[in-house]
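Numbering (the numbering used here), first residue to last: 13 to 166.
Structure below.
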């Protein structure tokens, strides 16, 4: 699960919230950073910093790779991004404000957030254990990647 305090739920609230938090870190939410944030939040897949940089540049966002890394680091500290190590490469996902889990395709990098999962109740039920945090992610292949590996190539 992505951590942090309660986050805003709509795009403008998110922008205002991130802008305020970045200001606390002596960073400004410049127009290029704002567009990068929108690109990242809307990607729906795991991205390396280099992929996010290429996506941003292809959309005409004029930023450097260092800016991408700094923004990803700041968003991670704010609980709005999370890093995963897949196939020896660090990839990031944007985290929604609600408590959730991830289904992560290691084939294409697609990521899906799952908001309801009874695992915590099952694990702690009857144990008298008070959980103050947990993290659970599921890795595998999405349907499209499974179909690609099952279908013979011509």
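Just so you know, even glycine gets a beta-carbon here, dropped at the ideal spot from N, CA and C.
Quantities reported herein were computed from a predicted structural model and do not represent experimental measurements.
Can you tell me which of the three DSSP states residue i falls into?
{"i": "residue 117", "result": "strand"}
{"i": "residue 105", "result": "strand"}
So which of the options has the shortest CA-CA distance to residue i?
{"i": "residue 49", "options": "124, 85, 37, 36", "result": "85"}
{"i": "residue 104", "options": "81, 111, 112, 126", "result": "81"}
Once the 5 residues before and after residue i are set aside, which same chain residues still bring their CB inside 6 Å of it?
{"i": "residue 14", "result": "Caution is warranted here: a pLDDT of 46 is assigned to residue 14, below 50, making its placement in the model unreliable, and the coordinate value is therefore given only provisionally. Result list for residue 14: 91, 94, 107, in chain order."}
{"i": "residue 150", "result": "115"}
{"i": "residue 124", "result": "115"}
Please look up how many angstroms separate the CB atoms of residue i and residue j, rounded, as I've assumed it's under 8 Å.
{"i": "residue 34", "j": "residue 52", "result": "The Cβ separation is near 14 Å, so there is no contact."}
{"i": "residue 143", "j": "residue 119", "result": "Residue 143 to residue 119, Cβ: 32 Å. No contact."}
{"i": "residue 101", "j": "residue 70", "result": "So it is not a contact: roughly 20 Å between Cβ atoms."}
{"i": "residue 58", "j": "residue 98", "result": "7 Å"}
Nearest chain D C-beta to residue i closer than 8 Å, yes or no?
{"i": "residue 111", "result": "Protein chain content of the structure displayed is limited to a single chain, and chain D is not contained in it."}
Considering just the uninterrupted stretch of the alpha helix (DSSP H) at residue i, what are its terminal residues?
{"i": "residue 139", "result": "Unbroken run through residue 139: none, as it is neither H nor E."}
I'd like the span of the beta strand (DSSP E) that includes residue i, first residue to last.
{"i": "residue 94", "result": "93-98"}
{"i": "residue 123", "result": "123-126"}
Quick one: residues in its chain with C-beta nearer than 8 Å to the C-beta of residue i, no 5 flanking neighbours on either side, listed in chain order?
{"i": "residue 77", "result": "61, 62, 65"}
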